[in-house]
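Each residue of the sequence shown is one higher than the last, beginning at 0 in numbering that gives the first Met the number 0. Quick reminder that beta carbons are idealized off the backbone N, C-alpha and C, glycines included. Structure record follows, encoded as C-alpha cells.
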Amino acid sequence: MGTLRGLLDRIVHGITNSRVWRSFFRHGFPDNDLDRSLVVTSNFFLHLHPVRVRKHGLRLTYTFGLGGISFFLFLVLGITGGLLMFEYVPSVERAYADIVRIQSAIPFGALLRNVHRWAAELMVLTVFLHFCRVFYTGAYKPPREFNWIVGLVAGFLTLALSYTGYLLPWDQLAYWGITVGSNIAGYTPLIGRQIRAMMLGGPTVGQPALIRFYNLHVFVLPFIATIVLGIHFWRVRKDGGISGPPPGEGEAQGSPSTESTPSRVEGLRTGRGAEEQGE
C-alpha cells in the first residue's frame with residue numbers, strides 16, 4: 000500500500016511540476032493571500048469576481064441572486080432562440096406557419112418555444128425585482144452611480160428584446176400589439192413620424208417591419224445587451240463586489256462598515272504589499 004501511495008505521489012508531483020502544467024496554472028496552491036489573488040486575476044472565468052468577497056454579500060437574503068438569475072435566463076434565451084432560428088423564417092407568408100409547425104411537428108418544438116417564452120417573461124420579472132432590491136438596499140449610491148445607469152440601460156434592453164420578439168409569431172395578437180405600439184411611438188413630439196417609420200419601414204405593419212424586428216431581436220439588441228452586461232459585471236468587480244448593507248446595519252450588528260475597509264488587493268497582485276509589510 001505504501002509503495003502504491005509513493006508511486007501516486009511521484010506521478011502527481013511529476014505532472015504538477017511539468018512545463019505543460021505550469022503553462023496552464025501559473026501560480027501556487029491558493030493557501031495565502033498572494034496566490035488567492037493570482038488565482039482570480041489569472042483565470043479568465045474567475046476574473047470578473049472580486050478577489051475579496053464581503054461576508055454579507057454571501058447571504059442569499061441580501062441579493063436573492065436576482066442578478067445571477069437574470070443573467071442565467073439571458074443565456075437560456077440565447078440558446079433556445081438560436082435553436083428556434085433553425086426552423087423559423089421571417090416572412091409574412093411563412094412566419095405563422097413556422098410557429099405552428101414548431102409547436103406541432105418538430106420534436107420537442109413546443110417545449111423549446113415555451114421555455115423561450117417563459118424565460119423571457121421571467122427575465123423581465125427578475126430584472127424588475129433586481130432593480131427594487133438595488134434601490135431598497137441603497138446599492139445605487141456612490142461610488143456605484145455609473146453602474147446603476149448601466150443597469151437601467153440593461154433593463155431597457157430587456158424590455159426592447161421582449162417587445163421585438165412580440166411580432167415574430169405574426170399572429171393577430173402580435174400584429175395588433177405592434178400596430179398599437181408603433182402608433183403610440185408616432186405621437187412622440189417632433190420626431191414621432193420618423194420613429195414610427197424607422198420601426199415599421201413603411202406606412203403599415205408588413206414585411207419590412209417583420210424583417211426589422213427580427214434583426215433587432217436576434218442580432219442588434221442581443222449584441223448590445225452582451226456588451227452592456229459585460230460592463231455591468233466589470234463595474235461590480237471594480238467597485239469591490241456586492242455593495243454593503245444599508246447605513247447603520249453593520250454598526251447595529253457590532254461590525255465595522257465594509258464599504259470603507261481598505262483593500263490590499265493591488266499590493267497582493269504584485270507582491271509589493273507583502274514586502275512593504277515586512278519592512
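Could you tell me how far apart the beta carbons of residue i and residue j are, in whole angstroms, since I believe they sit closer than 8 angstroms?
i           : j           : result
residue 69  : residue 129 : 6 angstroms
residue 65  : residue 160 : So it is not a contact: roughly 18 angstroms between Cβ atoms.
residue 98  : residue 168 : 5 angstroms
residue 240 : residue 53  : 6 angstroms
If distances are taken between C-alpha atoms only, which option among the options comes closest to residue i?
i           : options            : result
residue 140 : 66, 242, 181       : 242
residue 146 : 238, 179, 14, 75   : 238
residue 79  : 223, 217, 236, 207 : 217
residue 158 : 190, 172, 125, 137 : 125
residue 94  : 235, 223, 39, 213  : 213
residue 51  : 31, 3, 104         : 31
residue 235 : 206, 143, 154      : 143
residue 280 : 188, 55, 12        : Because the chain here runs from 0 to 278, residue 280 falls outside it and cannot be looked at.
residue 163 : 96, 19, 63, 199    : 199
residue 26  : 16, 38, 7          : 38
residue 42  : 23, 178, 188       : 23
residue 177 : 189, 188, 207      : 207
Taking Cβ positions, are residue i and residue j nearer each other than 8 angstroms?
i           : j           : result
residue 91  : residue 166 : no
residue 231 : residue 149 : yes
residue 181 : residue 192 : no
residue 112 : residue 83  : yes
residue 101 : residue 120 : no
residue 151 : residue 227 : no
residue 40  : residue 132 : no
residue 173 : residue 224 : no
residue 76  : residue 122 : yes
residue 21  : residue 29  : no
For the alpha helix (DSSP H) that contains residue i, what are its first and last residues?
i           : result
residue 133 : 108 to 135
residue 159 : 144 to 165
residue 182 : 171 to 185
residue 84  : Segment: none, residue 84 is in no alpha helix (DSSP H) and carries neither H nor E.
residue 91  : Unbroken run through residue 91: none, as it is neither H nor E.
residue 32  : 32 to 40
residue 1   : 1 to 15
residue 209 : 206 to 214
residue 236 : 220 to 237
residue 61  : 59 to 62
residue 191 : 191 to 199
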